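What follows is one structure encoded as C-alpha cells, with my remarks underneath.
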Amino acid sequence: MSLLQVRDLGKSFGGNRAVDGVSFSVAKGELLALIGPNGAGKSTTFNMVNGQLRADTGSITLDGAELIGRKPRDIWRLGVGRTFQIAETFASLTVAENVQMALLSADAQLFSLWKRAAAHKRGEALALLEQVGMAAQADRACSVLAYGDVKRVELAIALANGPRLLLMDEPTAGMAPKERNELMALTKRLVAERGLAVLFTEHSMDVVFAFADRMIVLARGRLIAQGKPAHIRDDSQVQAVYFGSGKTFEKASA
Ligand code: ADP
Ligand code: MG
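Under this note's numbering, residue 256 is the last one in the sequence shown; the count climbs by one each step, no gaps.
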C-alpha cells in the first residue's frame, strides 16, 4: 500500500486555481519526481502536504491518517520531513552543530538550551553525517563548505527526525551537474537503505530520468501525466507542455 495518498487535491489563490484536482501516491522506498513548468503548482502541492498551506479540497493521507487540517509541526511529527536551506538557519555553526540542533528539535527541546544539551547529541549527529559522507567535515563551519556539501548537511538535518516521507523542493537548484548527480545518488541510496519515500521537484530532466522511480507532471495546476520516466519522455502532452513553452527536455536541463 502507498505511504502517501493524495486525492483530488485543490487550492485556489483568488480566482487562480493553483492546484486543481490532483491525485497521486508515493510508496515506501520510492523516489517520485514532480515536474512541470514554472507556476504549475509544484510548490503549492508540497506546501499542502507539509501543512504550510491548507488545501481547499481533497484529501492527503499518510499511512491512512488525514493530514489536511493538521499543523505543520504535527505533520512533521507524523513523519513528513523536508529539506531546509542552511542559509536560512545557522551558517556560522559547524556541520555537526547544525545536525545536533535538528536532533534536539526532534526531541522537542528548546533551541535556547541547545549549547548545553547539544553535547549529548554529538554521537547521533556524527552517525547521520556519516550516512551523507560529511563526518570528516563535522567541525567546519557550514559557511565555508562547498555548495554540494551544504546540501548533504541539509539532507542529514532533514533525516534527524527519522521521516518516513521526505519532501525536497528543487534540491539541486544552483548545483553543477556533477554535484546534482552526487546528491541524487546519495538520496537514492538513503531511499533504499531506510525504506524512505521521497517526493522531489526538479528542473533538470537529466536528473529526473536518471534517478526518479516514477514521475508526475503538472501543468497549470493539473496532473497531465504520470508513470515511469521512460514512458513520460514519449508522452505527447508532456512534450507539448515543454516544447510549447520553448523548452525541450534537453534545454530544460541546461
Ligand atoms: P511551481 O512551484 O510549480 O512553480 P507554484 O505552486 O509556486 O508553482 O504556483 C502555482 C500558482 O499559484 C502560480 O500561478 C502562482 O503564481 C500561484 N501562487 C503560488 N503561491 C501563491 C500565493 N501564496 N498567493 C497567491 N498566488 C500564489
Ligand atoms: Mg516552486
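Note that beta-carbon positions come from the ideal geometry of N, C-alpha and C, so glycine has one too. Note that this is a predicted model, so its numbers are computed, not measured.
Find out if the Cβ-Cβ distance for the pair residue i, residue j is shorter than 8 Å.
i, j, result
"Val200", "Met170", "yes"
"Phe202", "Pro165", "no"
"Thr59", "Gln7", "no"
"Leu167", "Val134", "no"
"Gly229", "Gly43", "no"
"Leu128", "Ala138", "no"
"Ala160", "Leu105", "no"
"Glu184", "Gly150", "yes"
"Val257", "Leu130", "Examination of residue 257 is not possible in this model, given that the chain is present from 3 through 256 alone."
Here's the rule: buried if 16 or more other CB atoms are within 10 angstroms of the residue's CB, otherwise exposed. What is residue i?
i, result
"Glu68", "exposed"
"Arg154", "buried"
"Arg182", "buried"
"Met3", "exposed"
"Ser206", "buried"
"Ala256", "Per-residue confidence for Ala256 stands at a pLDDT of 38, beneath the threshold of 50, marking its modelled position as unreliable; the derived number appears in the next sentence. With fewer than 16 other Cβ atoms within 10 Å, it is exposed."
So does residue i have its beta carbon nearer than 7 Å to some heavy atom of ligand 2?
i, result
"Ser45", "yes"
"Asp76", "no"
"Asp171", "yes"
Excluding sequence positions up to five away, which residues of its chain have a Cβ less than 7 Å from the Cβ of residue i?
i, result
"Asn52", "Pro74, Ile77, Val82, Arg84 and Leu169"
"Ala214", "Leu33, Leu34, Ala35 and Pro231"
"Ser14", "Ala20 and Asp58"
Cutting at 8 Å between CB atoms, please list the residues of its own chain near residue i, excluding the five before and the five after it.
i, result
"Lys96", "The sequence given here has Thr at residue 96, not Lys. Taken in chain order, the residues that qualify are Ala140, Asp141, Arg142, Ala143 and Cys144."
"Ala194", "Gly31"
"Asp10", "Gly23, Val24, Ser25, Thr59, Gly60 and Ser61"
"Val243", "Gly38, Pro39, Val219, Ala221 and Ile226"
"Ala254", "With a pLDDT of only 46 at Ala254, under 50, the local geometry of the prediction cannot be trusted, and no value is derived from it."
"Phe92", "Glu99, Asn100, Met103 and Cys144"
When every heavy atom of ligand 1 is checked, does at least one fall within less than 7 Å of the C-beta of residue i?
i, result
"Asn175", "Per the sequence shown, the amino acid found at residue 175 is Ala instead of Asn. No, the Cβ of Ala175 stays beyond 7 Å of every heavy atom of ligand 1."
"Ala42", "yes"
"Arg26", "Residue identity differs from the one stated: residue 26 is Phe in this sequence, not Arg. Outside the cutoff, so no."
"Asn18", "yes"
Short of 6 Å in beta carbon distance, which residues of its chain neighbour residue i, apart from the five on each side in sequence? Order them along the chain.
i, result
"Thr47", "Val21"
"Phe211", "Pro231"
* Could you tell me which uninterrupted alpha helix (DSSP H) segments, each at least 4 residues in length, are contained entirely in the stretch 35-71, listed from first to last along the chain? => Under the rule that a run must span 4 or more residues, the alpha helix (DSSP H) segments found entirely inside the stretch 35-71 read 44-51.
Jot down the residue ranges of each uninterrupted beta strand (DSSP E) in the stretch 180-212, minimum 3 residues, whole runs only, in chain order. Counting whole runs of 3 or more residues, the stretch 180-212 contains the beta strand (DSSP E) stretches 199-203.
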